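In what follows, a structure is listed as structure tokens, so that the remarks can point back to it.
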Amino acid sequence: MEENEASLPNTSLQGRKMAYQKVNADQRAPGHSQYLDNDDLQATALDLEWDMEKELEEPGFDQFQLDSAENQNLGHSETTDLNLDSIQPATSPKGRFQRLQEESDYISHYTRSAPKSNRCNFCHLLKILCTAIIVFIFGILIGYYIHTNCPSDSPSSGTVDHQLYQEILKTIQAEDIKKSFRNLVQLYKSEDDMEVSKKIKTQWTSLGLEDVQFVNYSVLLNLPGLSPSTVTLSSSGECFHPDGQPCSEEARKESSQDLLYSYAAYSAKGTLKAEVIDVSYGMADDLKRIRKMKNVTNRIALLKLGKLPLLYKLSLLEKAGFGGVLLYIDPCDLPKTVNPSHDIFMVPLNPGGDPSTPGYPSVEIRVVSLQVQTVTKLKTVTNVVGYVMGLTSPDRYIIVGSHHHTAHSYNGQEWASSTAIITAFIRALMPKVKRGWRPDRTIVFCSWGGTAFGNIGSYEWGEDFKTVLQKNVVAYINLHSPIRGNSTLRPVASPSLQQLVVEKNNFNCTRRTQCPETNISSIQIQGDADYFINHLGVPSVQFAYEDIKTLEGPSFLSEALFSTQSTTVEEMDPFFKLHETITKLSGEVILQIANEPVLPFNALDIALEVQNNLKGDQPNTHQLLAMASRLRESAELFQSDEMRPANDPKERAPIRIRMLNDILQDMEKSFLVQQVPPGFYRNILYHLDERTGQFSILVEAWEHCKPLATDETLQEALSKVLNSINSAHVYFKAGLDVFKSVLDGKN
Numbered sequence: 000m001e002e003n004e005a006s007l008p009n010t011s012l013q014g015r016k017m018a019y020q021k022v023n024a025d026q027r028a029p030g031h032s033q034y035l036d037n038d039d040l041q042a043t044a045l046d047l048e049w050d051m052e053k054e055l056e057e058p059g060f061d062q063f064q065l066d067s068a069e070n071q072n073l074g075h076s077e078t079t080d081l082n083l084d085s086i087q088p089a090t091s092p093k094g095r096f097q098r099l100q101e102e103s104d105y106i107s108h109y110t111r112s113a114p115k116s117n118r119c120n121f122c123h124l125l126k127i128l129c130t131a132i133i134v135f136i137f138g139i140l141i142g143y144y145i146h147t148n149c150p151s152d153s154p155s156s157g158t159v160d161h162q163l164y165q166e167i168l169k170t171i172q173a174e175d176i177k178k179s180f181r182n183l184v185q186l187y188k189s190e191d192d193m194e195v196s197k198k199i200k201t202q203w204t205s206l207g208l209e210d211v212q213f214v215n216y217s218v219l220l221n222l223p224g225l226s227p228s229t230v231t232l233s234s235s236g237e238c239f240h241p242d243g244q245p246c247s248e249e250a251r252k253e254s255s256q257d258l259l260y261s262y263a264a265y266s267a268k269g270t271l272k273a274e275v276i277d278v279s280y281g282m283a284d285d286l287k288r289i290r291k292m293k294n295v296t297n298r299i300a301l302l303k304l305g306k307l308p309l310l311y312k313l314s315l316l317e318k319a320g321f322g323g324v325l326l327y328i329d330p331c332d333l334p335k336t337v338n339p340s341h342d343i344f345m346v347p348l349n350p351g352g353d354p355s356t357p358g359y360p361s362v363e364i365r366v367v368s369l370q371v372q373t374v375t376k377l378k379t380v381t382n383v384v385g386y387v388m389g390l391t392s393p394d395r396y397i398i399v400g401s402h403h404h405t406a407h408s409y410n411g412q413e414w415a416s417s418t419a420i421i422t423a424f425i426r427a428l429m430p431k432v433k434r435g436w437r438p439d440r441t442i443v444f445c446s447w448g449g450t451a452f453g454n455i456g457s458y459e460w461g462e463d464f465k466t467v468l469q470k471n472v473v474a475y476i477n478l479h480s481p482i483r484g485n486s487t488l489r490p491v492a493s494p495s496l497q498q499l500v501v502e503k504n505n506f507n508c509t510r511r512t513q514c515p516e517t518n519i520s521s522i523q524i525q526g527d528a529d530y531f532i533n534h535l536g537v538p539s540v541q542f543a544y545e546d547i548k549t550l551e552g553p554s555f556l557s558e559a560l561f562s563t564q565s566t567t568v569e570e571m572d573p574f575f576k577l578h579e580t581i582t583k584l585s586g587e588v589i590l591q592i593a594n595e596p597v598l599p600f601n602a603l604d605i606a607l608e609v610q611n612n613l614k615g616d617q618p619n620t621h622q623l624l625a626m627a628s629r630l631r632e633s634a635e636l637f638q639s640d641e642m643r644p645a646n647d648p649k650e651r652a653p654i655r656i657r658m659l660n661d662i663l664q665d666m667e668k669s670f671l672v673q674q675v676p677p678g679f680y681r682n683i684l685y686h687l688d689e690r691t692g693q694f695s696i697l698v699e700a701w702e703h704c705k706p707l708a709t710d711e712t713l714q715e716a717l718s719k720v721l722n723s724i725n726s727a728h729v730y731f732k733a734g735l736d737v738f739k740s741v742l743d744g745k746n
């Protein structure tokens with residue numbers, strides 16, 4: 000009952016505070032002046048001579064370019080009959096919708112009769128002159144009155160107030176983030192889950208964030224048992240803990256309680272005595288080779304972490320018949336910021352193989368007893384949620400998510416970086432809000448609990464409010480683990496948001512001649528963005544610093560959570576300048592998505608991403624390529640006919656903007672599939688890693704069907720991808736039809 004009562008305030012948040020409010024008009028849409036001087040009339044007359052064919056060939060848009068990665072992709076497109084040069088960008092100095100409106104409204108008020116006399120002409124001219132002067136003065140007074148009564152912080156004519164954004168972002172200082180980080184780290188060893196949550200709520204409330212509340216869920220956590228797991232060698236009887244320390248009582252006292260946290264949460268518990276078989280990274284080829292050599296039923300696999308999702312590799316091992324797994328990380332795969340200097344190592348001077356058995360294998364069977372001890376308990380997981388209500392579209396939400404430390408989840412200090420960054424942005428934003436400015440859309444700030452156990456807090460919150468979130472969430476900004484290294488800024492974004500991320504990154508790069516090429520992609524990322532990407536189809540953005548070694552080596556190493564880190568956050572970023580950069584980049588993206596009249600999403604980039612995912616010599620893709628070509632055509636029409644003119648303040652109509660944004664925010668939902676291999680994203684626009692350019696579910700299916708002429712798994716995967724592409728194509732065409740119906744209905 001306690002947990003249910005605690006969750007009631009969030010219902011109030013979603014029901015009373017953030018309920019759907021229909022917007023009948025864009026408050027920033029430009030009005031038409033009632034007073035036209037002679038120049039205005041001449042300009043209107045000139046507009047009447049406008050030719051629609053010339054408008055469609057309107058020059059001035061050839062400067063639109065995609066970023067370098069997209070240009071490379073376009074050069075190798077499978078569909079050669081389509082040319083991006085003809086695509087209009089999402090901006091227009093004066094497009095056809097405004098001109099058609101001017102033509103329909105134009106009425107000539109001047110009909111001239113023959114002059115009766117010079118005196119009459121003079122009197123008539125004098126009257127006209129006096130009238131013009133009076134109207135002119137009256138217009139000046141009205142304009143002055145309107146100008147003095149308009150709020151200074153409100154953008155006019157729908158233009159983006161970048162100066163206002165910079166005023167907000169310039170107050171973000173590295174030193175403030177550092178102080179916040181250190182205050183949070185002091186709570187690191189707290190056994191009270193609520194202590195960190197209370198600290199965050201108190202701080203956010205003091206900064207002025209609206210209606211900051213706890214949202215509690217009672218969940219089943221799998222925790223360490225009273226004693227750590229062990230591995231016992233049958234040949235000698237020696238017993239070891241997971242960190243390699245012997246099982247003696249003295250060794251355990253010296254190693255502290257951290258030994259308890261070396262375990263696999265939600266693993267089956269018990270004891271298994273079996274032979275250990277090295278399966279390397281557990282790839283499909285590794286398992287095929289091993290199964291040809293020996294029986295693996297109920298054996299224990301020795302598995303390296305990395306290259307593929309752990310859940311996927313465990314599913315392959317289970318299908319093969321293995322009964323248990325020993326996990327480890329190869330030191331060669333670790334990033335340079337991890338210092339292994341305290342570990343001993345050796346090098347072999349042997350050219351290869353067992354010197355005592357040259358030319359034939361030396362088979363040695365090692366049997367171990369694997370004992371796993373865990374305890375399952377109901378615990379309370381707490382989310383902290385607050386928001387800034389939007390002005391014109393309060394029912395559209397941009398969710399900004401970090402996560403906080405909870406007891407029983409020792410995962411270093413990265414949670415403190417995440418929390419300090421989101422707090423720094425709130426601190427910069429709220430002074431403007433207190434002075435009367437508000438974003439157009441609502442910004443929801445969330446600090447999630449239970450992330451280390453499988454993103455429990457965000458999943459429970461998402462499932463709790465799924466109906467509302469499916470309709471209203473526009474984007475998710477992910478701040479999970481922002482500092483993983485200090486050598487490379489690594490943005491990850493949905494295809495529709497990649498151009499925006501590139502623009503922000505280039506704008507914030509001060510020395511343009513030395514700016515590195517923006518390495519951005521849509522890859523699977525860790526953290527609480529998972530639910531929003533995979534169950535709601537929400538576009539997402541994440542900025543994080545990593546090491547080059549991490550980018551080049553196996554992915555998914557971050558699935559391991561270390562109880563302590565040999566390299567702390569402050570060693571990687573001693574002056575917190577990296578934290579400041581990520582806060583400002585994320586903040587500008589948040590502000591632009593929250594405040595742009597037209598959402599800064601790119602429909603055509605999704606179609607290009609789909610075509611790029613079908614490159615190569617993979618079999619059975621001809622039907623997919625044909626459908627991808629049709630998707631690109633419909634996306635081109637949508638972007639040219641609807642997005643381009645809508646980005647001109649002079650051409651906007653509020654109802655069309657609302658319709659357009661509704662289409663833009665739901666573009667990725669077409670690419671959600673129901674069933675995928677364990678550990679794979681349901682949103683198939685995301686790749687397993689940056690080295691793989693194809694759809695992940697197709698790559699996995701091709702690996703399984705290599706030895707077979709036909710395979711049900713491959714056909715099922717091809718069908719899922721084809722249905723997704725066709726669904727997106729139909730979605731864009733339906734959007735165009737809706738716009739056409741609305742326009743025809745007004746004429």
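The letter at position 302 of the sequence shown is residue 301 when you use numbering that gives the first Met the number 0, and the numbering goes up by one with no holes.
Backbone N, C-alpha and C define an ideal beta-carbon position, used for all residues, glycine too.
Since the structure is predicted, the reported quantities are computational estimates derived from the model, not experimental observations.
| Asked | Found |
| --- | --- |
| Verify the contact flag: alanine 559, CB atom, against every heavy atom of the ligand ATP, threshold strictly below 8 angstroms. | Ligands displayed in this structure: none; no statement on the ligand ATP is therefore possible. |
| Please report the distance separating the alpha-carbon of aspartate 329 from that of asparagine 612. | 31 angstroms |
| Look at methionine 827 and leucine 206 and say whether their C-beta atoms are less than 9 angstroms apart. | Examination of residue 827 is not possible in this model, given that the chain is present from 0 through 746 alone. |
| Three-state secondary structure (DSSP) at phenylalanine 180? | helix |
| Which term fits cysteine 331, buried or exposed, when burial requires 16 or more other beta carbons within 10 angstroms of its beta carbon? | exposed |
| Between which residues of its own chain and glutamine 617 is the CB-CB distance below 8 angstroms, once the five residues before and five after are set aside? | Gln693, Leu697, Trp701 |
| To the nearest angstrom, report how far apart histidine 728 and lysine 668 are at their CA atoms. | 12 angstroms |
| Measure the C-alpha to C-alpha separation of isoleucine 547 and serine 480 and round it to an integer number of angstroms. | 16 angstroms |
| If the criterion is Cβ atoms closer than 9 angstroms, does the pair methionine 571 and isoleucine 724 meet it? | no |
| Pull the bridge partners of cysteine 445 from the DSSP assignment, please. | Val384, Gly400 |
| Please work out which residues of its chain come closer than 6 angstroms, Cβ to Cβ, to proline 490, disregarding the five sequence neighbours upstream and downstream, and give them in chain order. | Val500, Ile519, Phe542 |
| Quickly, what does DSSP pair leucine 325 with across the bridge? List them, please. | Leu301 |
| Methionine 642: buried (16+ other C-beta within 10 angstroms of its C-beta) or exposed? | buried |
| Taking only runs that begin and end inside the segment 707 to 742, name each unbroken beta strand (DSSP E) of 3 or more residues, in chain order. | none |
| For phenylalanine 531 and phenylalanine 637, which I take to be in contact (beta-carbon distance under 8 angstroms), what is that distance rounded to the nearest angstrom? | Actually they do not touch by this definition, with Cβ atoms about 24 angstroms apart. |
| What residue range is occupied by the uninterrupted beta strand (DSSP E) comprising serine 368? | 366 to 371 |
| So what's leucine 671 in DSSP terms, helix, strand or just coil? | strand |
| Need the endpoints of the beta strand (DSSP E) that leucine 208 sits in, please. | Run containing leucine 208: none; DSSP gives neither H nor E here. |
| Does the separation of the CB atoms of phenylalanine 555 and glycine 281 fall below 9 angstroms? | no |
| Quick one: Cα of lysine 576 to Cα of asparagine 594, how far? | 27 angstroms |
| How about proline 538 and serine 585: do their beta carbons lie closer than 9 angstroms? | no |
| Once the 5 residues before and after lysine 115 are set aside, which same chain residues still bring their CB inside 8 angstroms of it? | A caution first: lysine 115 carries a pLDDT of 44, below 50, which makes its placement in the model too unreliable to give a value. |
| Helix, strand or coil for threonine 691? Go by DSSP, reduced to three states. | coil |
| Less than 9 angstroms between the C-beta atoms of valine 366 and isoleucine 455, yes or no? | no |
| What are the start and end residues of the beta strand (DSSP E) that includes alanine 474? | 472 to 477 |
| Would you list the residues sitting across from valine 501 in a DSSP beta bridge? | In the DSSP output, where bridge partners are listed per residue, valine 501 has none listed. |
| With a 10 Å radius around its C-beta and 16 neighbouring C-beta atoms as the bar for buried, classify glutamate 587 as buried or exposed. | buried |
| Per DSSP, glutamate 558 forms a beta bridge with which residues? | The partner list for glutamate 558 (beta bridge, DSSP) is empty, contrary to what the question assumes. |
| Taking C-beta to C-beta, are leucine 310 and glutamine 523 nearer than 9 angstroms? | no |
| On a Cα-Cα basis, can you pick out the residue from Phe670, Ala733, Arg690 that is closest to alanine 716? | Phe670 |
| Taking only three categories from DSSP, how would you classify glutamine 185? | coil |
| State buried or exposed for valine 473, treating a residue as buried only when at least 16 other CB atoms are found within 10 Å of its CB. | buried |
| Compute the Euclidean distance between the alpha carbons of glutamine 33 and threonine 130, then round it to the nearest angstrom. | Residue placement at glutamine 33 is flagged as unreliable, the pLDDT there being 34, under the threshold of 50; a coordinate-derived value is accordingly withheld. |
| DSSP state of glycine 615, grouped into three classes? | coil |
| Hey, how far is the Cα of leucine 316 from the Cα of valine 278? | 9 angstroms |
| Per DSSP, what are the beta-bridge partners of lysine 376 in this structure? | Leu220 |
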